[in-house]
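Protein chains in written order, with the working numbering: chain A, 1222 to 1453; chain B, 47 to 528.
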Amino acid sequence: MNLKKYISILFVVTLCLAQIGCKKDKMLSYNFGSGIAIYKNGIDEGRDSLTVSFAVKNETVSSDTIELPLRILGHLSNQDREVKYGIIEGETTADRANYDLLPAVIPANSYEGVLRLKVNKTESLKTKEAKIWITLLDSDEFRVGPKEQMTYLIKINDYLTKPASWHDIRFGEYSQAKYGLIIRETGYTDFAGLHPEVLLFIVGKCRNTLNEYIQINGAEMLDENQLPVRFP
Amino acid sequence: MKFIISVCSKIGVLLFVLMQISCYKDKGNYDLQEINKITILKNGSDTLKVNQFDSLKVETLLEQSLLTGEDNLTYKWSVFLSNPPITGLIDEVLSTEKNLNVQFGLRPDTYTLLYTVTDKNTGVSTFKKYLLQVSSRLSEGWLMISQSNDGKRDVGLLHPDGYAIPSLLSSANPDLMIPSNLHTVRVLTTFFGGSQDIFLLGENESVRVKYTDFTLVNKGSDWFVEKNLNSKPQEFKYDMVGSNAFYLNNGKIYSNQIDFRFGVPVAGNYRLSRYFITSQSSDAGIFYDEIGKRFINYASKKFNNFSVQANAPFDMSNVGMDVMFGGVAPMSQYSFLMKDSQQKAHVLRIHSAGLAVGKYPVDNAEKILQATSVAFSGLYFHIYYAVDNELYLLDVEKNSSKLIYTFPQGTDITTLTLKQTVSSWVSFPDNNRTLAVGTYDQQEGKVYVFSIDNLGEFTNDNYSKLYEGLDKPISLVYKNRK
């Protein structure tokens, strides 16, 4: 008897609790403003840094514009929103004349935008590479997103730097002189994804020039370290 | 506890009984039944030869050990390549009838034809293999460049069965401008899958055609990474293994792995002779510089020094003679017929490793300096040479020559070629033993085919085959069956 009473009480309590579960809840939403981040996976030249070398460009080129993709976190907006950014003072070695920070905007109804930075060729780049550290800044519109996606390094110079796609097996040890020779003779500056027949062509073409150099000068061409330029 | 013990003991007893059963001795007293055995009896040859697109018929004789009638049998005729390539495998079922009667459309090659007979009752199959050689009308024969009366050149095929198929190139490619002054055909075999590539070289342009139907694959201008401005094709070779290609153009050598486009040749003041020997299987060869009058050791797209050779018969780097002709010599060597500054002829023999093998004076050979066509034997140290209507045999080691055949007066020998393999994958039973001679009497071109005996002379002192009614023969090369 006692047990039966106990069960019925339990039943009523459970029923009451079940009713509460039917109460409609208001939807929770993230509403702490939008975040902004550099979309590093979208940068082909490198996730964390890229190099601009004026040496591989035409003589007449005096500036270049770098585009970094941006992505927002949070809600869309129906109007254009400006992204604030700047350089990290202590880390940046470039002169003020080396760069111009162009406005960065997230267009209306878009999750993505582009940060444009103009880099300028100056005399000092011929001897020293300049670093520009970009960092996103908090603004009324955006708060800076993940820490590891708020900064980016851009290196600029006017001498040749070893490209990531340099082919050690075909070209041998890297030197500025050798890279310059390849660019002058064949026009290739990037060797990624080239068919072996093209790499062989590059080597053949440069070898002929080196042989010609020996014929004319009676000695091998030397690189910046005073070592002979040779292809294996 | 008592309960558990009682259950365990019962399981124990049961297991013990089961174990006893396994000790039961098998007396092998089964009810065995012999199954129906099928035998495929021999009916004609096991080697079948057909031309592509011809009907392929095979009738089979079957014998069954128990049953009569053939209702219980199913059949399958399948075909696959005898030497399966790395890519492009062929494995097809041609028919499921007892006797094979189909039109065979697969490309000319050597196949294994597999006949499978299965007894539906038992599921047991019996097999028989046939060797199936598929040719086309164009699969084998002498490829000849000929020139018609109006000066136009074309390529024809002289089939071993005795008929000639003229104007192959123009009929396969009606829209193609045939390279002017076509002078050389090369039939080369590749390493990868052993396929065949055909190259035709003209005065300023060359083309590559398909070996099956002679339609255009591409032109010489497509063979370079950088546009080649000075197109003067002279020679095209593969190494013996068929992995590297060598293209001599305007006295410069272009080489690369096959089907790679060519880069740039070594620059410099030299002009390589069209006669050269390549290495067996690498991007290397020995060439002759007609300006510096010396041999050149070419490897990995560079000119290298020859290794120092003690007691060398001559100095590879300082020869000082002019090349007249060149060609193979026995033991994978190469001979050059040369003349020195006193207009005296010599034969220089070299090895592909860059070694000087021998230098032989040729001062007893009649009219050798007037020779217009020459063929070098790879079997004996012999050279066949033609002067007007006369055909001579030069025995280099004996330093003597002999007139071995005279064509009618007013007939000129225009070309001379030995049937010779240029690939490790191709062998002829009559390698170096068949000589084709093209002649022209200002009216009609003819090709005489001679068999060569053990002395290097012609069997029965006469030709064994004659193709008549041709245009003027310019050059000949044997296309191996494919």
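We treat Cβ as the ideally placed atom computed from N, Cα and C, and that holds for glycine.
Check                                                                                                                                                                                                 : Outcome
For a quick check, are the C-beta atoms of S419 of chain B and L462 of chain B less than 8 angstroms apart?                                                                                           : yes
Quick check: is the beta carbon of T313 of chain B nearer than 8 angstroms to any beta carbon in chain A?                                                                                             : First, the residue type needs correcting, since residue 313 of chain B is Ala and not Thr in the sequence shown. A313 of chain B counts as touching chain A.
Taking its Cβ as the centre, do 16 or more other Cβ atoms sit within 10 Å of P1367 of chain A, making it buried, or is it exposed?                                                                    : exposed
Between K413 of chain B and V433 of chain B, which are expected to be in contact by the criterion C-beta below 8 angstroms, what is the C-beta distance as a whole number of angstroms?               : 4 angstroms
How about T158 of chain B and F126 of chain B: do their beta carbons lie closer than 8 angstroms?                                                                                                     : yes
Below 6 angstroms CB to CB, which residues in the same chain sit around I1309 of chain A once its five sequence neighbours on both sides are set aside?                                               : W1354, T1356
Would you call K88 of chain B buried or exposed, if buried means 16 or more other Cβ atoms sit within 10 Å of its Cβ?                                                                                 : exposed
Is the region 1358 to 1374 of chain A in contact with the region 1399 to 1416 of chain A, if contact means three or more CB pairs nearer than 8 angstroms?                                            : no
Kindly indicate which residue of A:L1381, A:V1365, A:K1278, A:P1417 has the alpha-carbon position closest to the one of H1388 of chain A.                                                             : A:P1417
Answer yes or no: do T535 of chain B and K103 of chain B have a C-beta to C-beta separation smaller than 8 angstroms?                                                                                 : Missing from the structure shown is residue 535 of chain B; chain B here goes from 47 to 528 and no further.
What is the DSSP secondary structure of S217 of chain B, reduced to helix, strand or coil?                                                                                                            : helix
Would you kindly check if the distance between the Cβ of D458 of chain B and the Cβ of G491 of chain B is under 8 angstroms?                                                                          : no
Counting only beta-carbon atoms, is E1418 of chain A nearer than 8 angstroms to chain B?                                                                                                              : yes
Are the Cβ atoms of F260 of chain B and L228 of chain B separated by less than 8 angstroms?                                                                                                           : no
I want to see whether chain B comes within less than 8 angstroms of E1433 of chain A, judged by CB atoms only; does it?                                                                               : yes
Any Cβ of chain A within less than 8 angstroms of the Cβ of R183 of chain B?                                                                                                                          : no
Considering only the beta carbon of each residue, do Y431 of chain B and L440 of chain B sit closer than 8 angstroms?                                                                                 : yes
Near V148 of chain B, which residues of its chain fall below 6 angstroms by C-beta distance, leaving aside the five closest residues on each side in sequence?                                        : L102, L140, S141
What residues in its chain sit with their C-beta under 8 angstroms from that of T120 of chain B, if we drop five residues either side in the sequence?                                                : T142, V163, T164, K166
Please report how far the alpha carbon of G90 of chain B lies from the alpha carbon of E105 of chain B, in whole angstroms.                                                                           : 9 angstroms
Whose Cβ in chain A lies nearer than 7 angstroms to the Cβ of N500 of chain B?                                                                                                                        : Ordered by position in chain A, no residue passes the 7 angstroms Cβ test against N500 of chain B, which lies about 47 angstroms from the chain.
Do three or more CB pairs link the region 443 to 458 of chain B to the region 471 to 481 of chain B at distances below 8 angstroms?                                                                   : no
Can you tell me whether Q1397 of chain A is helix, strand or coil according to DSSP?                                                                                                                  : helix
Quick one: give me the first and last residue of the alpha helix (DSSP H) that F1422 of chain A is part of.                                                                                           : 1417 to 1438
State the DSSP-derived secondary structure class of N302 of chain B, mapped to helix, strand or coil.                                                                                                 : strand
Does the beta-carbon distance from A1351 of chain A to R1337 of chain A come in below 8 angstroms?                                                                                                    : no
With contact counted as at least three CB pairs below 8 angstroms, one residue from each stretch, are the region 490 to 510 of chain B and the region 312 to 322 of chain B in contact?               : no
Nearest CA to the CA of R1292 of chain A: which residue from A:N1299, A:G1393, A:I1257?                                                                                                               : A:I1257
Are there any heavy atoms of the ligand FMN lying less than 7 angstroms away from the beta-carbon of F371 of chain B, as far as the coordinates show?                                                 : Summarising the ligand content, the structure contains no ligands, and the ligand FMN is consequently not present.
Pull up the distance between the alpha-carbon of V1234 of chain A and that of K1226 of chain A, whole angstroms please.                                                                               : 13 angstroms
Between the region 253 to 278 of chain B and chain A, which residues of the former have a C-beta closer than 8 angstroms to a C-beta of the latter?                                                   : V271, E272
On the DSSP bridge list, what partners appear for R199 of chain B?                                                                                                                                    : B:Q193
Is the Cβ-Cβ distance between A291 of chain B and S277 of chain B less than 8 angstroms?                                                                                                              : no
Quick one: residues in its chain with C-beta nearer than 6 angstroms to the C-beta of A411 of chain B, no 5 flanking neighbours on either side, listed in chain order?                                : L440, S447
Can you tell me which of the three DSSP states A1318 of chain A falls into?                                                                                                                           : helix
Could you name the residues of the same chain whose beta carbon sits closer than 8 angstroms to that of Q388 of chain B, not counting the 5 residues immediately before and after it, in chain order? : none
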